[in-house]
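In the UniProt record's numbering, the protein residues as written are 1 to 268.
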């Protein structure tokens, strides 16, 4: 297959990479309703394979092997749950969610499900999210919103707001783009997401990003192509100075490094 003009041969899903912790297994058993370990594995991998075949790209390839929630170990995770408990107008947006596992885990941990949006460019992933978790839009009322964050019809860049008052309620089930959320919740995307962030103290953007010790291009282990990577210093300065006015935001804890099974370095 071709990704742009890069020829790419995608291997089959590697089932040997399926490795749930006891907590992860308990979460999926509760959410899906399967108690048997082998039946659970079979179900998860069957749905994973469907998504893998539907749209397998360089950026999404590694995550098809990982049924786990990716972000619950972030130091900021408990802070996010606290916002959901204490602020009636708090919204949780999971961008590039694939199956939306993180969004569902947050809902299970107490963030109000009606205030959660999981968004991905591929609508089939969102449909398969219901298949994976054996839910329907009625049984899981969280907003699953397909869209391209680089398409201005879905998400336009807007000035970040300084208004700390509570925003009017929005019925997330009626959303067709992220633009109505402006002022609530690579540089172009950072600026677009910044426009959604509420100015209320404690509002947060978190995630992980492929990185390098020095800013520049780095090889992709799957395709052999080059990917641009920030260093911790340039990543910090992008947010603090280019996206937000310098000194107006705080970095949560310290940037730390992780290495994926594909051998790429990420910082969070």
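For every residue, glycine included, the Cβ atom is placed at its ideal position computed from N, Cα and C.
None of the values given here were measured: they were computed from a predicted structure.
* **Minimum C-alpha distance to residue 116 - residue among 80, 131, 128, 151** => The count along the chain shown starts at 1 and reaches residue 116 at position 116. By alpha-carbon distance to residue 116, the top candidate from 80, 131, 128, 151 is 80.
* Asked: residue 78 to residue 105, Cα distance in whole Å?
  -> Taking the first residue of the chain shown as position 1, residue 78 is located at position 78. Taking the first residue of the chain shown as position 1, residue 105 is located at position 105. Their backbone Cα atoms lie some 12 Å apart in a straight line.
* Asked: If you run the structure through DSSP and keep just helix, strand and coil, what is residue 64?
  -> On the chain shown, position 64 is the one that residue 64 refers to. Here residue 64 scores only 43 on pLDDT, less than 50, and its place in the model should not be relied on; the value that follows carries that caveat. In the structure shown, residue 64 sits in a helix (DSSP, three-state: H, G or I).
* Asked: By Cβ distance below 6 Å, which residues in the same chain neighbour residue 228 in space, the five residues on each side in sequence not counted?
  -> Within the chain shown, the letter at position 228 stands for residue 228. So the qualifying residues of the chain are 217.
* Give every residue of the same chain whose Cβ lies closer than 7 Å to the Cβ of residue 15, excluding the five residues on either side of it in the sequence, and list them in chain order. => In the chain shown, counting from the first residue as 1, residue 15 sits at position 15. Excluding sequence neighbours, residue 15 sits near 45.
* With a CB to CB cut of under 6 Å and the five nearest residues on each side skipped, what residues in its chain are close to residue 5? -> As a working note, residue 5 is residue 5 in the chain shown. Because the pLDDT at residue 5 is just 48, under 50, the model does not fix this residue reliably, and the value given afterwards should be weighed accordingly. Closer than 6 Å at Cβ, skipping near neighbours: no residue.
* Identify the continuous alpha helix (DSSP H) that holds residue 54 and give its terminal residues. => Looking up residue 54 in the chain shown gives position 54. Unbroken alpha helix (DSSP H) run through residue 54: 37 to 54.
* Note down, one range per segment and in chain order, each alpha helix (DSSP H) of at least 4 residues found wholly within the region 227 to 256. => 232 to 239
* residue 85: which of 93, 141, 112 sits nearest, CA to CA? -> Counting from one through the chain shown, the residue named residue 85 turns up at place 85. Comparing Cα positions, the closest option is 112.
* Beta-carbon separation of residue 188 and residue 150 under 8 Å? -> Looking up residue 188 in the chain shown gives position 188. Looking up residue 150 in the chain shown gives position 150. Cβ distance < 8 Å, so residue 188 and residue 150 count as in contact.
* Asked: Leaving out five residues before and five after residue 59 in sequence, what residues of the same chain have Cβ atoms less than 6 Å from its Cβ?
  -> Indexing the chain shown from 1 puts residue 59 at position 59. Confidence is the limiting factor: at residue 59 the pLDDT is only 39, short of 50, which leaves the residue's position unreliable, though a coordinate-based value still follows. Cβ neighbours of residue 59 beyond the five flanking positions: none.
* **Same chain only: Cβ atoms within 8 Å of residue 128, ignoring 5 sequence neighbours per side** => Numbered from 1 along the chain shown, position 128 holds the residue referred to as residue 128. Excluding sequence neighbours, residue 128 sits near 47, 50, 51, 54, 99.
* **residue 143 - partner residues in DSSP beta bridges** => Within the chain shown, numbered from 1, the residue matching residue 143 stands at position 143. Residue 143 pairs with 117.
* To do: Can you grab the Cα-Cα spacing for the pair residue 246 / residue 240, in whole Å?
  => The sequence position of residue 246 within the chain shown is 246, counting from 1. The sequence position of residue 240 within the chain shown is 240, counting from 1. C-alpha separation (whole angstroms): 5 Å.
* residue 234 and residue 251 closer than 8 Å at C-beta -> Here residue 234 refers to the residue found at position 234 when the chain shown is read from its first residue. Here residue 251 refers to the residue found at position 251 when the chain shown is read from its first residue. At a Cβ-Cβ threshold of 8 Å, residue 234 and residue 251 do not count as neighbours.
* To do: Give me whichever residues DSSP pairs with residue 211 in a beta bridge.
  => Taking the first residue of the chain shown as 1, we reach residue 211 at position 211. 230, per the DSSP bridge assignment.
* **Proximal residues to residue 135 (C-beta, below 7 Å), its chain only, five neighbours per side dropped** => In the chain shown, counting from the first residue as 1, residue 135 sits at position 135. Cβ neighbours of residue 135 beyond the five flanking positions: none.
* To do: State the Cα-Cα distance for the pair residue 143 and residue 123, rounded to the nearest angstrom.
  => Against the chain shown, residue 143 aligns to sequence position 143. Against the chain shown, residue 123 aligns to sequence position 123. Answer to the nearest angstrom: the Cα atoms are 12 Å apart.
* Report back the beta-carbon spacing between residue 32 and residue 125 to the nearest angstrom; my notes put them in contact at under 8 Å. => Start at 1 with the first residue of the chain shown, and residue 32 comes out as number 32. Start at 1 with the first residue of the chain shown, and residue 125 comes out as number 125. Residue 32 to residue 125, Cβ: 17 Å. No contact.
* Which value, in whole angstroms, describes the spacing of the CA atoms of residue 89 and residue 152? -> To locate residue 89, count along the chain shown from 1; it is residue 89. To locate residue 152, count along the chain shown from 1; it is residue 152. The alpha-carbon atoms of residue 89 and residue 152 are separated by roughly 25 Å.
* **residue 29 beta carbon less than 8 Å from that of residue 35** => Here residue 35 corresponds to residue number 35 of the chain shown, with the count starting at 1. Here residue 29 corresponds to residue number 29 of the chain shown, with the count starting at 1. Against a cut-off of 8 Å, the Cβ pair of residue 29 and residue 35 comes out as a contact.
* Which value, in whole angstroms, describes the spacing of the CA atoms of residue 145 and residue 212? -> As a position in the chain shown, residue 145 is number 145, starting the count at 1. As a position in the chain shown, residue 212 is number 212, starting the count at 1. Cα-Cα distance, rounded: 32 Å.
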